[in-house]
Each structure stands twice: as structure tokens, then as C-alpha cells.
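Report on one structure; see the data block that follows.
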């Protein structure tokens, strides 16, 4: 990551229309950008907290906003099953339903249904699956995914893709990649139809863009073909990289990102799906990624595992029993401003749910703030130094 | 409740020292008062939310404060077991530990250990019980209850009392009442010793008053003797009425309250323990009660059961699926200001913990606001009319 990638390092003007993106600064491959969306602007790099059930687990939308989150991700699969997109649409769409008034992205449901091993059948038409809630048999197709996401009404909707495991063979990875391209054609057609819908009132309410997903597993050639096929079907207001952080070794993920970084259109936002942990954010930003999402912030938080500027802390450990200091003295979140480790540990030991919430909030703020800090470092032209120092402090030694 | 009870209806000056109480207005038996405590003033009548584990279940102290709670109750039994009063004392006492900076009251642990049927042995010395957490055998005595509460450091500490079931025989009720008086002597001695403690730094930090508890079951004569015996051991800065709302019929509780209302010192605050539901608050205030506590607000909230100005609502019911209106259009809480019934129902159905929190918060605000409204009605001299109208709206008909 020592080369400069030839992207413009000059400052573009701010994006003037929804879905416009301006790269304001570059530093190596890393980029500081500005993405305009119907519900507001997103300064990148940025972490998107995940709101599985129309709420970031355990957190109030006001808390998520105060933590600095500019955009959240919501899950199409879960919301389709409960309460159903018709219910959400009847209550004014997902923004109004959940009272989250900032930008939002919905995934396609693809990742979830492909994860239902043994409970789903894949065909060219789509995926037939068994609901994990009531056992009902349902089908998700490129078209129905677009329809569900349209009813939900997020700013950014994701194409329905064929996801393969991280260590998939070239044959399986190729099959998934090719199908993802064919499905992208269908997604594009259906999404355009919805946008040209007969109900002008609906159309005015729901302004939404569609982003494609690059697949191809861990195979450079397949990734390259996926990107080319995707760009042929463009233009797109943004592109996502899927099928990473699903079991492959980290150096492999880094190699794929580096290969794509040189080929992705420099003037479009890049979203690395399902990533990540703090070190993954830094690795991704260093390789030109602008957007991230991951459930780890809240999932780890619910188990008492916190990221801090000096490494991970398990707040349940007895060593914190009478600890008066905050979870992370270097953190500016509402939890660290107010509560001691001793109190947080007590809440977890006593199974008081306030504890889950306080550590989840800390973790969300932690990743959001990393995006803010990385952005500032990029603007200052010292991302490399900043990230090295950040990781040294985090690991308590050189990066392993 | 048609008679006027002869208490002064003139306005006293504000209390000038901690633990001072001024009755500012009376209307029938009902009173609008002002209680000075080391951590602030409490305008009565007032509901105290319960913070079992040093947190009002599921709620952030900032939320509880914004809901208007002036004082909370914390449980000595639970905090003694987890994390232990030594841990809390080491972290600066319960106020600092929990970051609740307003007034606080701790119960004595008596109610909890007496509820451990089959797991506790009562003697004149105290109660030997088996921890519900780790099965360890422990003892709670009047002295140790005072010591634990001193270490916790609440503004108001409660005497360790012998609680009997709601329908206890006169013999058992008399035994409990007499023992409660003997234990009160021991509580008073130990509490005074702690207040005269050798460590002046401790003493400056922990300013705390002791309130006795009137027992005697459902027997007017025993209640009268309990009150007389208690007053002989005074003076007290406040008095509590225990052993009600523990299974006896409501009219019996009302009769006991009426009988006590005429005998309790008019210039001291009166706390009805473990009560109540909305209708119980009104019944208690009408009979001269100033303070209440109950876990129902948060316990019901966690099960999706909400009080509203027009009756109870079970938010889990399918009828709320696409309901766009707030839980209670007549409520000013943060939940009702922002979220629809449809969204709240979804959170409960999807088992998203934000739902538990939002309905708990509503219920807490609901009871706190009842106290505020009752106070205003008393000050206007129309408590009787206000409470009748309130109950008519709540029940949707005349009070049953």
C-alpha cells in the first residue's frame, strides 16, 4: 500500500444532487468523500450501524444519532418476515416507522437467505427458503427484493446477489458471480419500473438508488470479470463489494480489495459489506473503501466485549469489579462520559439490560469515530501515519 | 372520603434543612408537600421508580430523570448480594456508582427475605436466608441492614421490619408488629452509631435519615398499636406504611389507610410501600399518602403492558399492527412523542429490547405525571373532582 493510485487528489465541489458523490481528498488509496442522499449527506469513510429489526439492537434512534452515525443499514430479510414490508409501508415507510430520519441503506436479503443452509433451494428464478420464524416457505427473487426494498424506502437499495462461502471453489464462485450479474439485470429493470410507478405520490416519497454488488469469491480473475460486467450494466451511483469477510484469510481479503481499488471507478462510493472490526476498517480505508457495516459492534456489546483505543476489554471480568475508570478513557461516547467499569460489570453480572445497551452504544461510537478520525487524517495527508499509530496503540505492539 | 381531616390547610414555609417536610396545601386528606433531602427536594405526592440492581430496569438514569422522577428506590437485598455494598462503597456509594444524582431511598431488605418462603429462618436476632443467586447462607439483622444501607448511602434508609402475608392471622400479625418495634429500637441505635462514626469523611459524605415502618396486617387495632409504638420511639423525619398490597382486598387496604390517616403526624411525610397501580396512587393520595413505589411500571412495561389515560393497553395485540397513533395520545413522555403503536408492537414481536425500554419509560412517566397532576389538583383544591374524572376516563366508565 505504498503507491499512489492516480485518483484525483484535488478537491471536487460538493455533490449537487441526491446520490452524487465527491472525493474531496485522497491519500494513497484512501479517500475522504461526501455522499449526497435524499435524507442527508454522508461524510466518508463512514461506518453504518446495523438495525436488524428496524432498530440498532437495544439502542434508541436518538442515541445512534448522538453517537454520530450518519447512515444505518436495515435488513430486508428480517423486516420482510416481521412485520412485513406492507405494514411498514402502511406506516409511512421505514424511516417514519423507525423514526430514523437520516440516510438509510437496506441490504437485499441475499446474504441472509444464502446463509440458511439446508433451508433454501437456489434456482435461476431466485431462492426458495424456509422462514426461521414460523417455518413458512417463501421465495426471494431479484424482483421481489426490489419490491420489498422499495416499500421499505431506504435511500440506497442493494441488488439481490448470489453469495458463496468464503472458501468456495472457482467453479462455485464463478456460478455465483455470473448469476449475480444476470440477477443485476433483473434488479435494474424492476427498480426502474418501481421508480416509474403509476403512483406519483409514492414516487415523490421514495427516492432511492440501486447499488450493484461485486462477487467472485477469493479469485482475482472472477472479481475482475464481476466488476467489468457490473460496470457494463451501469452507470451506478455507488458499488458494493460482497462476499468478503465470510471465512477467507485476512490477507486474501486485502489482496482482493487492492486489486479492485485500482479498477473501481474513482468517482463512485465503495461499500465493503459486512465489515468490520476496527482493524478491518483501517485495512479497508487504506484500500479505498468508503462505507462499512457490521453487526459486531452491537453483538459484541451485548456480550460485554468492548473495543477501546488500547485493545479489547471484556467488561464481565472480575478485574473490573471496583474499577472506577471509564471503559475507554480515550473515548468520547455517552457511556464513557458517565459510567465506571465497575458499574458496567455489575450490570452485566446482574443481567440488567442497561449494561448491554451501554456497551453497544460505546462500540457503535467507537467505529463511527474511527471513520471521523480516518477522514481527518486523510484530509491532513497523514492517513498512513495515523493508522500505524492507531493500530500500535490498539494492539499494544506492532500490528500482528 | 368526604370528611375533612382537620389537618392544617395553611401553607407552611419551605423546609429549611435536610429531611424537613412542609405540607403546603391540603384538600380533604390529600396533601401537597415538599420534602428536603440531601440530594434535592421532592414535591409530593410522588411516585418513586424502583431501581432493583442500581438501575431502573432497562432505563438510563438520564431517561428516568427526564421522565420527571424526583427520587428512586433501590433494593438493599439485591445490591447486598450483587455486587455487594463493599464494592459500591469503594466506588463512592450508590449515587456515584449508578450516576443517579437525585434523592434516593433504600428499602431494608426485609420484604425480600421474608418473601423467600422455605429459604429463610426467622429468629429474634434476624433472618437467616439462602441467596437466590448462589445458594449461600446469609443473615440479615436490624444492625446489618443499617450497615448495608449506610454503605449504599441513600438519602432515606428504611428500618428492618418483620413482614407478614396480607391475610395473616391476628396472632401472626401481632408477632410481626411487635418484633418490628423491637427491631426498630435496634435499627435506631445502630443507625445513630453509624452517623456518629469515627471517620468524619464518611460522615460528611453520607447524610441519611431513618424511617420506621408501620405494620400490623389488616387489623386496625394492631396498626394503631404499631403506630403508637413507633411514635414513642421517635421523632422520625418520615414514616412508612408496610405490609399492604400483599394480597388483602383493596377495600381493606383503604380502610387501614383511612384509619392511619387520622393518627399519623400531619407534619411528616408518609410512604406507602410497594404501591402501586394508577388507581392505587389515587386511592392512597386521597387518604393522605405522600410517597409510593412499585415495580409494576417497569415489570408491566417489559411485558408490553402500558397504562394510558384511557385504560390499559397490551401493545403485543395484533390490533396495533398498523396503528399509527402513539401509545397514549394524552401522554407527554418521550416514547409517546416519537413512536407509533405499530412500531412498538413490532419491537415486542421481534423481541427487540428497545421495545421493553420504551414501554417501561412510558409507564414510569405515567405514574410520575399522576403525582404531578394530583399535586396540582390539591393545590387548586379540586383533587376529588380531578380524581373522579381521571378514573372515569381511565376505566371508560364509573370506578368499579
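Residue numbers (my numbering), protein chains in the order written: chain L, 1389 to 1788; chain S, 1389 to 1788. Virtual Cβ for every residue (Gly too), placed ideally from N, Cα, C. These numbers were taken from a predicted model, which means no experiment stands behind them.
{"Check": "So, do the region 1666-1684 of chain L and the region 1640-1652 of chain L have three or more beta carbon pairs nearer to each other than 8 Å?", "Outcome": "yes"}
{"Check": "Counting only beta-carbon atoms, is residue 1563(L) nearer than 8 Å to chain S?", "Outcome": "no"}
{"Check": "Using only CA atoms, which one of 1610(S), 1512(S) and 1455(S) lies nearest to residue 1722(S)?", "Outcome": "1455(S)"}
{"Check": "Along the alpha helix (DSSP H) that carries residue 1646(L), what are the first and last residues, could you check?", "Outcome": "1638-1649"}
{"Check": "In chain order, what residues of the region 1614-1646 of chain L put their CB closer than 8 Å to some CB of chain S?", "Outcome": "none"}
{"Check": "Checking contacts by CB at 8 Å: is residue 1737(L) closer than that to chain S?", "Outcome": "yes"}
{"Check": "Leaving out five residues on either side along the sequence, give the residues of the same chain with a beta carbon under 8 Å from the beta carbon of residue 1356(L).", "Outcome": "As displayed, chain L neither begins before 1389 nor continues past 1788, which places residue 1356(L) out of reach and without an answer."}
{"Check": "Hey, how far is the Cα of residue 1730(S) from the Cα of residue 1748(L)?", "Outcome": "25 Å"}
{"Check": "Considering only residues of the same chain and omitting the five flanking positions on each side of residue 1702(S), which have a CB-CB separation below 7 Å?", "Outcome": "1692 and 1693"}
{"Check": "Using CA coordinates, which residue listed in 1543(S), 1700(S), 1538(S) and 1571(S) is at the minimum distance from residue 1341(S)?", "Outcome": "No statement about residue 1341(S) is possible, as the shown extent of chain S runs from 1389 to 1788 and does not include it."}
{"Check": "Taking the straight line between their C-alpha atoms, what separation do you get for residue 1496(S) and residue 1531(S)?", "Outcome": "10 Å"}
{"Check": "Straight-line CA distance for residue 1604(S) to residue 1528(S)?", "Outcome": "21 Å"}
{"Check": "Straight-line CA distance for residue 1682(L) to residue 1759(L)?", "Outcome": "14 Å"}
{"Check": "Out of 1409(S), 1403(S) and 1405(S), state which residue places its alpha-carbon closest to the alpha-carbon of residue 1626(S).", "Outcome": "1409(S)"}
{"Check": "Unbroken beta strand (DSSP E) runs of length 3 or more, entirely within the region 1451-1534 of chain S: which are they?", "Outcome": "1460-1462, 1492-1494, 1508-1510, 1515-1518 and 1525-1528"}
{"Check": "Can you round the beta-carbon distance between residue 1657(S) and residue 1678(S) to whole angstroms, since I take them to be within the 8 Å contact cut?", "Outcome": "5 Å"}
{"Check": "State whether the region 1476-1495 of chain L contacts the region 1731-1748 of chain S, with contact taken as three or more CB pairs (one from each stretch) at a distance under 8 Å.", "Outcome": "yes"}
{"Check": "If we call anything under 8 Å between Cβ atoms a contact, is residue 1460(L) one with residue 1452(L)?", "Outcome": "yes"}
{"Check": "Suppose contacts are defined by Cβ-Cβ distances below 8 Å. Is residue 1685(L) in contact with residue 1640(L) by that definition?", "Outcome": "no"}
{"Check": "Determine, using beta carbons only, whether residue 1492(L) comes closer than 8 Å to chain S.", "Outcome": "no"}
{"Check": "How many angstroms separate the CA atom of residue 1411(L) from the CA atom of residue 1615(L)?", "Outcome": "20 Å"}
{"Check": "Below 8 Å on the Cβ atoms is my contact criterion, and I expect residue 1438(L) with residue 1444(L) to pass it. Report the Cβ-Cβ distance as a whole number of Å.", "Outcome": "7 Å"}
{"Check": "Listing by chain order, which chain A residues have their CB less than 8 Å from the CB of residue 1714(L)?", "Outcome": "Going by chain labels, chain A is absent from the structure shown, which instead holds the protein chains L and S."}
{"Check": "Could you tell me the distance, in whole angstroms, from the CA atom of residue 1713(L) to the CA atom of residue 1447(L)?", "Outcome": "23 Å"}
{"Check": "To test your reading of the DSSP string, which unbroken beta strand (DSSP E) runs of 3 or more residues are found completely within the region 1550-1577 of chain S?", "Outcome": "none"}
{"Check": "Buried or exposed: residue 1784(L), going by 16 or more other Cβ atoms within 10 Å of its Cβ?", "Outcome": "exposed"}
{"Check": "Is the distance from the Cβ of residue 1746(S) to the Cβ of residue 1727(S) below 8 Å?", "Outcome": "yes"}
{"Check": "Count the other C-beta atoms from every protein chain shown that fall within 10 angstroms of the C-beta of residue 1405(S), then say buried if there are 16 or more, exposed otherwise.", "Outcome": "exposed"}
{"Check": "Using the C-alpha atoms, what's the distance from residue 1618(L) back to residue 1432(L)?", "Outcome": "23 Å"}
{"Check": "Could you tell me the alpha carbon to alpha carbon distance between residue 1419(S) and residue 1716(S), rounded to whole angstroms?", "Outcome": "28 Å"}
{"Check": "Could you tell me the alpha carbon to alpha carbon distance between residue 1704(L) and residue 1620(S), rounded to whole angstroms?", "Outcome": "49 Å"}
{"Check": "Alpha helix (DSSP H) containing residue 1728(S): first to last residue?", "Outcome": "Per DSSP, residue 1728(S) belongs to no alpha helix (DSSP H) and is neither H nor E."}
{"Check": "Helix, strand or coil: which one does DSSP assign to residue 1679(L)?", "Outcome": "strand"}
{"Check": "Name the one or two DSSP bridge partners that residue 1695(L) has.", "Outcome": "1700(L)"}
{"Check": "Per DSSP, which residues does residue 1429(S) bridge with? Please list them.", "Outcome": "1424(S)"}
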